[in-house]
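Numbering (the numbering used here), first residue to last: 55 to 341. Quick notes on the structure that follows.
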Amino acid sequence: MNGHLSLFATATRYALTGHARNRFAMLLVVLYIPTWITLAYVTIPDRRAPFRLRATGRLLAPAGNHLTQITGALNAVTLIAGFMMFAATFTGGAFDRRLAMAGYPRFHLVLAKLSALTLICAAISAYATVATGIAWSPRQPVLLTAALFWAALTYGALGVVFGSVLRHEVEGMFAILMISILDVALQNPLSSSGSDSALVRFLPSYGAVQTGMAAAFSTDSSARGLEIQILWCAAAVSCAFLVFRRRTRDALPARRGPRLSPRSTPSWPFAAPSGAPSSPPPSSPPP
55 MNGHLSLFAT ATRYALTGHA RNRFAMLLVV LYIPTWITLA YVTIPDRRAP
105 FRLRATGRLL APAGNHLTQI TGALNAVTLI AGFMMFAATF TGGAFDRRLA
155 MAGYPRFHLV LAKLSALTLI CAAISAYATV ATGIAWSPRQ PVLLTAALFW
205 AALTYGALGV VFGSVLRHEV EGMFAILMIS ILDVALQNPL SSSGSDSALV
255 RFLPSYGAVQ TGMAAAFSTD SSARGLEIQI LWCAAAVSCA FLVFRRRTRD
305 ALPARRGPRL SPRSTPSWPF AAPSGAPSSP PPSSPPP
């Protein structure tokens, strides 16, 4: 048991160290989240934006800048979590393969990455909730933090998938950026007239958006929305685990058959007749 804990602690330390070295991501966490939330509050008009929340069926009419702050916080945490996990997976792929080839258990590597992702998502979700509550107080801040957390965890797992299957860094960054922007923008009643469409239910952060809006502007507990987001997160984590397992499995040496002992000699294509020597016949001299 102590050996397993030691392996897990070592892998977790490596994972957290890799994230800490990503200074650009740390800068995004510290500056981008409050900047984006503050700009949404200052620049968006505060007139009411009535809409019907699909998760609860209740008609809500929050201020436009408050509504944009919630969607902006969701967009910020998903982008940061996705970027951080993509960068860590993309740059640390060779290191993971070397560890697997050296015999390091892949289960401990995956568990360490998930633990580091969980800690990062919890920190940035709480930070985003605090930044949102500076100008006004959401009705249910704990539920809002939970919605942000599960959305960030989902995109963090997607970052692992993109970091494992894509060959260029620009491709992964663009994929995460566009998916997150389209995902949240299509669900914002201010920016999309189709925010109440049935198709938005299939977006990756649908459950988090429904839960976050219910938590910010009402006293209803959107358990259904949170369940949907947890299912999305479980699917993304499963895909990340399968992709990571495939990538490290390809790095392991393949066993093509029983190994020959040092004293064994390879057999020739044709069997020698009984009583004949096993060495090949000498080559005849050229005419």
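Idealized CB from N, CA, C, for every residue including glycine.
C-beta atoms of residue i and residue j nearer than 8 Å
i	j	result
residue 84	residue 178	no
residue 241	residue 257	yes
residue 207	residue 175	yes
residue 118	residue 99	yes
residue 265	residue 109	yes
residue 68	residue 135	no
residue 76	residue 141	yes
residue 243	residue 249	yes
residue 125	residue 263	yes
residue 201	residue 91	no
residue 160	residue 300	no
residue 190	residue 280	no
Cross-strand partners of residue i (DSSP beta bridge)
i	result
residue 105	114
For residue j and residue i, believed in contact at Cβ under 8 Å, the rounded distance
i	j	result
residue 143	residue 234	That belief does not hold up - the Cβ atoms of residue 143 and residue 234 are roughly 17 Å apart, past 8 Å.
residue 130	residue 86	6 Å
residue 107	residue 268	6 Å
residue 290	residue 212	5 Å
residue 128	residue 259	6 Å
Residue burial classification, residue i (beta-carbon count within 10 angstroms, cutoff 16)
i	result
residue 285	exposed
residue 302	buried
residue 122	buried
residue 232	exposed
residue 292	exposed
residue 227	buried
residue 168	buried
residue 60	exposed
residue 224	exposed
> Which residue spans inside the segment 222-275 form an unbroken alpha helix (DSSP H) run of at least 4?
Replying inline: 223-239, 260-271
> Taking the runs of the alpha helix (DSSP H) that are 4 residues or longer, which of them lie wholly in the segment 130-215?
Replying inline: 147-155, 160-186
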